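Asks: The structure's right below; bear with me while I get my questions together.
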Amino acid sequence: MNAKLSPTNESDRIRVLHEYEILNTATEEEFDRITKIASLVCGTPISLISLVDKDRQWFKSRVGLETEETRRDVSFCQYTLKEDQLMEVEDAEKDERFKSNELVTREPNIRYYAGLPLIDPNGYALGALCVIDRVPRQLDQHQREILTLLRDEVVTLIVNRKEKEKYKESEQKLKAFFDNSQGLMCTHDLKGNFISVNDAGARILGYTRDEIQTLSLFDIVPSEGHKNLQDYLDAIVRHGTIKGEMRTMTRSGDMRIWMFNNILQASEKKIPYVIGNAVDITEQHFLEKKLKHAQATLMRTGRVARIGGWEYTPADGKIVWSEITREIHEVPEDYEPELTTALRFYKAGASRNKIRTAIEQALATGEAWDLELEIVTFPGHELWIRALGNADFENGHCVRLYGTFQDIDKRKRIEAESSNSKKLLAEVLDATSAVGIIATDNAGVITLFNTGAENLLGYRSEEVIGKFGLAHFHLEEELVLRTKELEVELGRSVDKLRFFVDMAELHGAEQREWTYCRKDGSQLYVSLAVTHIRDINDNVIGYLAIATDISRIIHQREELEKAKLVAEQANAAKSQFLANMSHELRTPLNGIVGFTDLLLGTALEDTQREYLTIVDQSANLLLGIVNDILDFSKIEAGKLELEIEQTDLHDLVIQLTNFLNLQIKTKNLAFYLNIAADVPHYIWVDALRIKQVLMNLLSNATKFTEKGTIELSITVESHDTDQAVLCFSVKDTGIGIKADKLERIFDAFTQEDNSMTKRYGGTGLGLTISNKLLKMMDSELKLESTFGVGSRFFFNIHVRSIWEINEWEGLKKIKGVLVVAEEESERNALARMLSLKNIDSVQAKTGFEVLQMLKGGRCFDAILIDNQLPIISGIETIKNIREKKFNNNFEHNIIPIFSAEEQDIEPLCHSLAINCWLIKPVKPEDLYSVLIKSISV
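Structure follows, in structure tokens:
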């Protein structure tokens, strides 16, 4: 081989020598064996493997010499580097180069030297293999050849040593990576038995390293996954590599999900095995699952709220619309908008100019926008929308515009209607400002003092409400005189607090002329009509007084005697008017509502029907206002007491839903009743007040929901043997409440804003009264609401409870019931009772429908059939069923339902071998008992 021996490559030679990383290393047996062989073959006392550094020669292996290195300038080997063949000095004392060398003249007294350069595969001379003697001599040809072979072996060892060190280092790094990997690193045989497992993987699986290495994949993979595991073992043999997802169980039984990428190691000389590398993705898996659920929920929420998204990239001019945005624009699914075409959807004029200006401003300055604009959809429909936009800037340039797009057309049209309602209500209030309306509770304390009363008497409402009675405004002498008159007329003593209302209670209303005293001391004459106010149970809950200023009439009567007759007639007419008004206020439900309902059921012109509908709504509104105000005042005065008694919770719920059924049906709303299975059957509460609270919440939900759903749910938050904390919740998809209005919603006489009062009516007392009633029960009303999406009112109440004792255990055998009644309300009531016991129901309206169902092969565990059906009665239908013997003589349990007025029910049923029947109105307990009895007969 040729060595690179020129002085110009000396620096490269030194660099290459150092790269072999052999200098100053420990002795190695392979090198020592070669120097020993060289010494024996050549018969010399000294043999060296010398590596020549910049300023020294260092001996990797030596025989017969103690020193580890010498200076380079005295070395013989430095001359060997310049040769590419054996350099032999037979007698150093005769060689001009060495005769005065200190290694010759002193120890070790070199006389003979023979050396071969160590030249690596790249031609660099690293050092020499040499033999030395203290006497002159010469090698024979045989010795020269062996020395050359030994030299080649040294070079091979040096080169391989570097590769071996690299392999060893790589192996150490690989082992460190294997041991310290945070995932699962393992090797296993082709049967799945572990050969090795890293600490982290063993720890995740709940084992020590020694423990898991005695197991196999079949021990940590659930049994249902063993087939897939065997498929994996077969596949890796066929393909050599495989990746995928695997589920394992930890020692404690927890599931872990791994993403693996494994490779087969196979050779002819070794038993094949698999190297496994797996990453624990359990948390990532469930996070992705939650993210997908959240995305789906967001999409559903966007569809319900009609909110879509959009994005515009100025660089390429592309606009991306979400699915909801496309739906709002009513464009085809494959429609691809551009900026110019997107802007054309905005109605020409103000809307288009506003959005164009907003986009230009955002592109220039990054300013966001929130605008309510009109668009014209693809088919040409005009629509109000709310457009929100934001800008992203990078390095001073807008790179993206994005935002939301919401359909607010319904709200905008409601606002327009609400504005009209506000104007109408304002005009009505202005028109009644001259009439004083004062309401009291049963104790006579004022609870209502309207604007007309303030104008009439000079007091502000807050000065008198809850502080004075009606007598406060009267002359004392008039009160004394009236008391004596009543005692004579009634034949008993009269309390001063009662003489205003005793005659009203006897005769329905009383109207008299009184002298009122204003706050400033002045007097006026009033015509006062007094009537009592009743609740839905016809109990007197307060009194209503309507005072009209008749001072002018009285003065005219005194001053104009000549016009006395005319004045008396006018006063009589006025009195009659007031008497009529008093009568109507006394019985708003039985009078106005009753007759308007009757009239609405007759043939009317459209105009007449419209006017009567307004009258009916106004009468109900008045009753609601008075009831709310009186309840509020009683609670504020501490006069309201709770009557706690055992209550059938299921019966209470059915009463509520039956009452609301007409309202919900009229508005085409979907109503859901969700009672948890562990809700107790009986609870100890004031049933009337709980019903009042729930009725208020359900009525509000119905009132403020134009379309969608209303849900009443009852769940158990916690319970022990005889106590439970129940959560009552009313959820709707109505107009919702703005975030800044949530805190005020429970204030008395408050609605979300004035437009709500004008459009939907009410005093704003309902929620306040409900919340105060709940506070008396150590509870409170809570609210969750999203404006434009809907609201959820709920409260938790701690009650004594009795869970249903296995009284209705037999109902579990009943899976399906056919409900037959002409009236939908009756069918729905029965279906709700069945749903409380998890019994499915199918409804039919006529006997003919029942026969068609049975003829078609339908079977039911029981049939509930109302006898009062059109065309053929319930009894006739039962006879037809018995005669035809449908469905291979399948015996249906048939339970007829009769009205209380029907005669000879028992003989009729016995004649048809019917042992069970029901009488209207059907109660849940009666229904459940009869069903159990019917299946046991």
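Residue 285 is where the sequence shown starts when you use the numbering used here, and the numbers rise one by one after that.
Cβ atoms here follow ideal geometry from the backbone N, Cα and C, with glycine treated the same way.
Since the structure is predicted, the reported quantities are computational estimates derived from the model, not experimental observations.
1. Just verifying my parser: in three-state terms, what is the DSSP assignment at residue 326?
2. Going by DSSP in three states, residue 508 sits in which element: helix, strand or coil?
3. Figure out for me which residue from 793, 800, 729 and 730 has the closest Cα to the Cα of residue 763.
4. Nearest CA to the CA of residue 993: which residue from 972, 987, 976 and 1016?
5. Quick one: Cα of residue 1081 to Cα of residue 1003, how far?
6. State the beta-bridge partners of residue 722 as determined by DSSP.
7. Identify the continuous beta strand (DSSP E) that holds residue 413 and give its terminal residues.
8. So which of 1144, 1133 and 1000 has the shortest CA-CA distance to residue 1083?
9. How about residue 978 and residue 955: are their beta carbons less than 8 Å apart?
10. Measure the Cβ-Cβ separation of residue 543 and residue 504 and say whether it is below 8 Å.
11. So which of 796, 308 and 808 has the shortest CA-CA distance to residue 815?
12. According to DSSP, is residue 1206 helix, strand or coil?
13. Assign residue 739 to one of three DSSP states: helix, strand, or coil.
14. Got a sec? Which residues, its chain only, sit under 8 Å from residue 932 by beta carbon, not counting five neighbours each side?
15. Reducing DSSP to helix, strand and coil, say where residue 668 ends up.
16. What does the Cβ neighbour count give for residue 953, buried or exposed, with the cut at 16 atoms within 10 Å?
17. Hey, out of 423, 412, 419 and 895, whose CA is closest to residue 437's CA?
18. Suppose you measure from the CA of residue 861 to the CA of residue 731; what does that come to, to the nearest Å?
19. Just the Cα atoms here: how many angstroms apart are residue 1212 and residue 1120?
20. Do residue 754 and residue 829 have their C-beta atoms within less than 8 Å of each other?
21. What are the boundary residues of the alpha helix (DSSP H) that includes residue 1159?
22. How far does the beta strand (DSSP E) with residue 344 in it reach, from first residue to last?
23. Taking the straight line between their C-alpha atoms, what separation do you get for residue 1222 and residue 675?
24. Cα separation between residue 859 and residue 808?
25. Measure the beta-carbon distance from residue 742 to residue 803 and round it to whole angstroms, keeping in mind my assumption that it falls under 8 Å.
26. With DSSP collapsed to three states, give me the class of residue 1061.
27. Identify, in the order they occur along the chain, each residue of the same chain with its Cβ nearer than 6 Å to the Cβ of residue 289, setting aside the five sequence neighbours on each side.
28. Please report the straight-line C-alpha distance between residue 1205 and residue 1185, rounded to a whole angstrom.
29. Can you say whether residue 1124 is buried or exposed, counting buried as having 16 or more other CB atoms within 10 angstroms of its CB?
30. Decide if residue 704 is buried, meaning its Cβ has at least 16 other Cβ atoms within 10 Å, or exposed.
31. Should residue 506 be labelled buried (16 or more other beta-carbon atoms within 10 Å of its own) or exposed?
32. With distances taken Cα to Cα, identify the nearest neighbour of residue 1179 among 1219, 313 and 1170.
33. May I ask you to list the residues that DSSP assigns as paired with residue 622?
34. Which of the three DSSP states, helix, strand or coil, is assigned to residue 497?
35. Buried or exposed: where does residue 934 fall if 16 or more other Cβ atoms within 10 Å of its Cβ makes it buried?
36. Return the chain-ordered ranges of every beta strand (DSSP E) run that is complete within the segment 349-433 and spans a minimum of 3 residues.
Replies: Taking the geometry as given:
1. In the structure shown, residue 326 falls within a helical segment according to DSSP collapsed to helix, strand and coil.
2. Residue 508 falls in the helix class under three-state DSSP.
3. Nearest to residue 763 by C-alpha distance, out of 793, 800, 729 and 730, is 800.
4. Nearest C-alpha to residue 993: 1016.
5. Distance from the CA of residue 1081 to the CA of residue 1003, rounded to the nearest whole angstrom, comes to 11 Å.
6. Partner(s): 733 and 829.
7. Unbroken beta strand (DSSP E) run through residue 413: 409-417.
8. When each option's Cα is compared against that of residue 1083, the closest is 1000.
9. Not a contact, by the Cβ cut-off of 8 Å.
10. The answer is no: Cβ separation not under 8 Å.
11. Considering only alpha carbons, the answer is 796.
12. Of the three classes helix, strand and coil, the one that applies to residue 1206 here is coil, per DSSP.
13. Three-state result, residue 739: helix.
14. Closer than 8 Å at the Cβ level, and outside the excluded window around residue 932, lie 965, 966, 1208 and 1209.
15. Here residue 668 carries a strand assignment [DSSP, helix/strand/coil].
16. Buried, since its Cβ has 16 or more Cβ neighbours within 10 Å.
17. Taking only the C-alpha atoms, the option nearest residue 437 is 412.
18. Legend: pLDDT at residue 861 = 42, less than 50; position of this residue unreliable, no value from coordinates given.
19. Distance from the CA of residue 1212 to the CA of residue 1120, rounded to the nearest whole angstrom, comes to 11 Å.
20. By the CB criterion at 8 Å, residue 754 and residue 829 fall inside the cutoff.
21. Residues 1158-1168.
22. For residue 344, the enclosing beta strand (DSSP E) stretches over residues 340-347.
23. No statement about residue 1222 is possible, as the shown extent of the chain runs from 285 to 1221 and does not include it.
24. Caution is warranted here: a pLDDT of 37 is assigned to residue 859, below 50, making its placement in the model unreliable, and no coordinate value can be reported.
25. Between residue 803 and residue 742 the Cβ distance is about 4 Å, and since that is below 8 Å, they are a contact.
26. In this structure, residue 1061 counts as coil in the three-state DSSP scheme.
27. Residue confidence is low: residue 289 scores 40 on pLDDT, short of 50, so the model does not pin down where it sits. Its coordinate-derived value is still stated next. For residue 289, where only same-chain residues beyond five positions count, the Cβ hits under 6 Å are 366.
28. Inter-residue distance for residue 1205 and residue 1185 is about 12 Å (C-alpha atoms, whole angstroms).
29. The residue in question, residue 1124, is exposed, as its Cβ has fewer than 16 Cβ neighbours within 10 Å.
30. Per the 10 Å Cβ criterion, exposed.
31. Residue 506 should be labelled exposed.
32. It is 1219 whose Cα lies nearest to the Cα of residue 1179.
33. Answer by DSSP bridge pairing, in chain order: 602.
34. DSSP places residue 497 in the coil class of the three-state scheme, outside both helix and strand.
35. When all chains shown are included, residue 934 counts as buried.
36. Within the segment 349-433, complete beta strand (DSSP E) segments of at least 3 residues are found at 353-355, 371-373, 396-403 and 409-417, given in chain order.
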